[in-house]
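A.B. asks:
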Amino acid sequence: MGLGDEIIVTGLARRMQRRNAAPIRVLDQRGRPRWSLLWENNPRFAALGYRGKVQTLVNAPGQRDYIASQTLGGWVWREWVCPLGEIYLTDEERAVGSRYAGRILLEPALKPEASPNKDWGWDRWCALSEHLQSKGYPVSQFASQHCPPLPGAEIINTKSFRQACAVLERARLAILPEGGLHHAAAAFGTAAIVIFGGYISPAQTGYAHHVNLFSGGTPCGRRKRCPHCAEAMGRISAKKVFEEAASLLRVIRLD
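1 is the number of the first residue of the sequence shown in my numbering; add one for each residue after it.
1) So which of 22, 187, 214 and 192 has the shortest CA-CA distance to residue 199?
2) The alpha helix (DSSP H) that contains residue 205, what's its start and end?
3) Would you tell me roughly how many angstroms separate the C-alpha atoms of residue 27 and residue 133, rounded to the nearest one?
4) Less than 7 Å between C-beta atoms, sequence neighbours within five positions excluded: which residues of the same chain meet that for residue 203?
5) Return helix, strand or coil for residue 101, following the three-state DSSP convention.
6) Please state whether the Cβ-Cβ distance between residue 120 and residue 193 is less than 8 Å.
7) Classify residue 256 as helix, strand or coil using the three-state DSSP reduction.
8) Below 8 Å on the Cβ atoms is my contact criterion, and I expect residue 169 with residue 142 to pass it. Report the Cβ-Cβ distance as a whole number of Å.
9) Exposed or buried, residue 123, counting other C-beta atoms within 10 Å across all chains shown (16 or more means buried)?
10) So, helix, strand or coil for residue 29, using DSSP?
11) So residue 180 is in the alpha helix (DSSP H); what residue range does that whole segment cover?
12) Would you check if the distance between the CB atom of residue 95 and the CB atom of residue 44 is smaller than 8 Å?
13) Between the region 158-172 and the region 93-111, do at least 3 Cβ pairs fall closer than 8 Å?
14) Have a look at residue 228 and residue 222 and give me their C-alpha separation to the nearest angstrom.
15) Could you spell out where the beta strand (DSSP E) holding residue 141 opens and where it closes?
16) Smallest Cα separation from residue 243: which of 207, 127 and 231?
17) Rounded to whole angstroms, how far is the Cβ of residue 85 from the Cβ of residue 166, which I believe are closer than 8 Å?
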């Protein structure tokens, strides 16, 4: 289950409650109730044991509003407006976030099952990190089993995705690929630069208040590595991303 999708569900729930105040029960494609830890403490959702009147939302892998259809090679996308989500953190989670307030977060890691076409490229991440640090802006990165540390980056260890969200809530800026953390950044109103490339576009999962870097023409949705996406990522240089960060952080641009 994609964590970003679970955050999108919270935005859909808020949208539904504008018309009907009844709590939402989320169902899978077989009509079975399901639950996500990202909905904890959210008053819009009916807990699995709730027996009162509810309204239902069918949302599960393969059945998302931004997906038009599935092919053997991947996805065909549908344009839509991605709703802002909500994450109700606990006081304990916020205490974790407060320890890392004001960080500039770089997130090169992808989840293992993600399409490789979301990968911006390790060399570009390293170059971006070096550009920022050379201008006096230290960078931080979440610890990951799937990605080595960036040179010179502060490594932040969190025990859960929710704790990572708490850190993100207090970040000054986040630079990251399209995925769960960019949806969390949107939910918290955290400034973010989102590297889309060519696999999926902001017309599916983007937010207007973020800097969305998409350069792929028609997003291909392919699950396996493809030259179209490699070319799209190649058009997003480390210098370009640094300059976008500079406009947000008000640092000196590269020569």
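Built from N, CA and C at the ideal position, the CB exists for glycine as well.
Quick caveat, the model's predicted, so the values are computed rather than measured.
C.D. replies: In brief:
1) 214
2) Residues 202-205.
3) One C-alpha to the other measures close to 46 Å.
4) Same-chain partners within the cutoff: 79.
5) It is coil, neither helix nor strand.
6) Residue 193 sits away from residue 120, with the two beta carbons spaced by 8 Å or more.
7) Outside the shown range of the chain, which is 1 to 255, sits residue 256, and nothing can be said about it.
8) Actually they are not in contact, since the Cβ atoms of residue 169 and residue 142 sit about 14 Å apart, beyond 8 Å.
9) exposed
10) Reduced to three states, the DSSP call for residue 29 is coil.
11) 180-188
12) no
13) yes
14) 10 Å
15) Annotation: the continuous beta strand (DSSP E) that includes residue 141 extends over 140-142.
16) 127
17) About 15 Å; that fails the 8 Å criterion.
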